[in-house]
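>
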Amino acid sequence: MKYTVLFIVALLISLPARADYFVWEDAETGVSFSYPDSWRQVSNYTPDDVVTIMAPGDDAAMCRIRAREDRRWLVYPQRFRAAIQREAYSEEFWNNYLASYDDILIYSMTDGAGLGEAFASIVTASYVTNYPMKNLYKTSFAAAGLYGENVFIFDCSSKSEAFNSYLPAFKSIMRTVSFNQVYHELVEGENNDMDTGPIIIIRDPTNRYTHRY
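Below, the structure written as structure tokens:
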């Protein structure tokens, strides 16, 4: 009997913790993601917010997905998607995106990441905001990627002193983001002799050099 009890206790200890998740999808934009059932959906704050969720507790931890129409790049073949991300949704984009906050401090900005099926850039930054309360110092982990005719912005933040404890959850939620398929995911072969498609030429910040894609 003693061994049976010990076996049951050992089995219970070894069982992994089970978490339940909500799966959410927006019918208009086609974006979907999942999040822990301990989080709750709250009212959106800005007109381009698609969905906003908030974690339990007093750390103002939240994630939101925003969508903004951008049809400028639809003319280009999909093989230019990575180059378009670096041109349209990189450092300058994040400088403008964060400009509505005060006391901005950007810790890192990375190109060539992914958000769902989109090429994306990722930024980590701190700032002072008035949402969800006034003069709140927060740190944000955010990604922006163009997919189809919309740029999607995945933006998670919390009080700065609690950010490191929430970052794994933010990244876990971001990995579930997906979009209704717009592009064929297999890269097709190309005949360079017949390739007369558009060329993207990007200047570097010094305006001295250009890069062709």
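The sequence shown begins at 33 in my numbering and counts up one residue at a time.
Backbone N, C-alpha and C define an ideal beta-carbon position, used for all residues, glycine too.
Please read all numbers here as calculations on a predicted model, not as lab measurements.
If you follow the alpha helix (DSSP H) that N196 is in, where does it begin and where does it stop?
Taking the first residue of the sequence shown as 1, we reach residue 196 at position 164. F195 to M206 is the extent of the alpha helix (DSSP H) around N196.
> Figure out for me which residue from A145, M86 and Y77 has the closest Cα to the Cα of S70.
Taking the sequence shown and counting its residues from 1, one reaches residue 70 at position 38. With distances taken between Cα atoms, S70 lies closest to M86.
> Going by DSSP in three states, P172 sits in which element: helix, strand or coil?
In the sequence shown, residue 172 corresponds to position 140, counting from 1. One detail in the question is off: residue 172 reads as Ser in this sequence, not Pro. Note: S172 maps to strand in three-state DSSP.
> Looking at the structure shown, is L106 part of a helix, part of a strand, or coil, going by DSSP?
Locating residue 106 in the sequence shown gives position 74, where the first residue counts as 1. Reduced to three states, the DSSP call for L106 is coil.
> Give the range of the alpha helix (DSSP H) segment to which R118 is assigned.
What you label residue 118 is simply residue 86 of the sequence shown in a count that begins at 1. R118 -> alpha helix (DSSP H) spans R113 to A120.
> Let me confirm a value: S172 is counted as buried when at least 16 other C-beta atoms fall within 10 Å, else exposed. Which label applies?
Taking the sequence shown and counting its residues from 1, one reaches residue 172 at position 140. Under this definition S172 is a buried residue.
> Can you list, in chain order, the stretches of the beta strand (DSSP E) that have 3 or more residues and sit fully within the segment 116-170?
Qualifying beta strand (DSSP E) stretches, in chain order: 134-147 and 150-161.
> Would you call N182 buried or exposed, if buried means 16 or more other Cβ atoms sit within 10 Å of its Cβ?
Sequence index remark: in the sequence shown, residue 182 carries index 150 (1-based). Buried: at least 16 other Cβ atoms inside 10 Å.
> Would Y139 be called buried (16 or more neighbouring beta carbons within 10 Å of its own) or exposed?
As a working mapping, residue 139 is identified with position 107 in the sequence shown. So Y139 ends up on the exposed side.
> Apply the 10 Å Cβ neighbour rule to Q117 and answer buried if 16 or more other Cβ atoms are within range, or exposed otherwise.
Translated into the one-based positions of the sequence shown, residue 117 becomes position 85. Under this definition Q117 is a buried residue.
> Roughly how far, in whole angstroms, is the beta-carbon of A150 from the beta-carbon of L178, given that I think they are within contact range, below 8 Å?
Sequence index remark: in the sequence shown, residue 150 carries index 118 (1-based). Sequence index remark: in the sequence shown, residue 178 carries index 146 (1-based). Rounded, the Cβ-Cβ distance is 6 Å, consistent with contact.
> Please list, in chain order, all residues of the same chain as F195 whose beta carbon is under 6 Å from its beta carbon, the five residues on each side excluded.
As a working note, residue 195 is residue 163 in the sequence shown. Result list for F195: T171, in chain order.
> Tell me the DSSP bridge mates of Y53?
Residue mapping note: residue 53 aligns to position 21 of the sequence shown, counting from 1. According to DSSP, which records beta bridges pairwise, Y53 is partnered with P68.
> When the Cα atoms are used, what is the spatial distance from L44 to A176?
Here residue 44 refers to the residue found at position 12 when the sequence shown is read from its first residue. Here residue 176 refers to the residue found at position 144 when the sequence shown is read from its first residue. Its pLDDT being 39, under 50, L44 is placed unreliably in this model, and the value from its coordinates should be taken loosely. Distance between the alpha carbons of L44 and A176 is about 42 Å.
> Starting from the C-beta of R98, find all residues in its chain whose C-beta is less than 6 Å away, skip the five residues before and the five after it, and write them out in chain order.
Numbered from 1 along the sequence shown, position 66 holds the residue referred to as residue 98. D80, D81 and I185, listed in sequence order.
> Give me the Cβ distance between S192 and S158, rounded to the nearest whole Å; I'm assuming they're in contact under 8 Å.
Sequence index remark: in the sequence shown, residue 192 carries index 160 (1-based). Sequence index remark: in the sequence shown, residue 158 carries index 126 (1-based). So it is a contact: roughly 6 Å between Cβ atoms.
> DSSP three-state call for S192: helix, strand or coil?
If you number the sequence shown from 1, residue 192 lands on position 160. In the structure shown, S192 sits in a helix (DSSP, three-state: H, G or I).
> Just the C-alpha distance for Q213 and S204, rounded to the nearest angstrom, thanks.
By one-based count along the sequence shown, residue 213 stands at place 181. By one-based count along the sequence shown, residue 204 stands at place 172. Those two C-alpha atoms are separated by around 21 Å.
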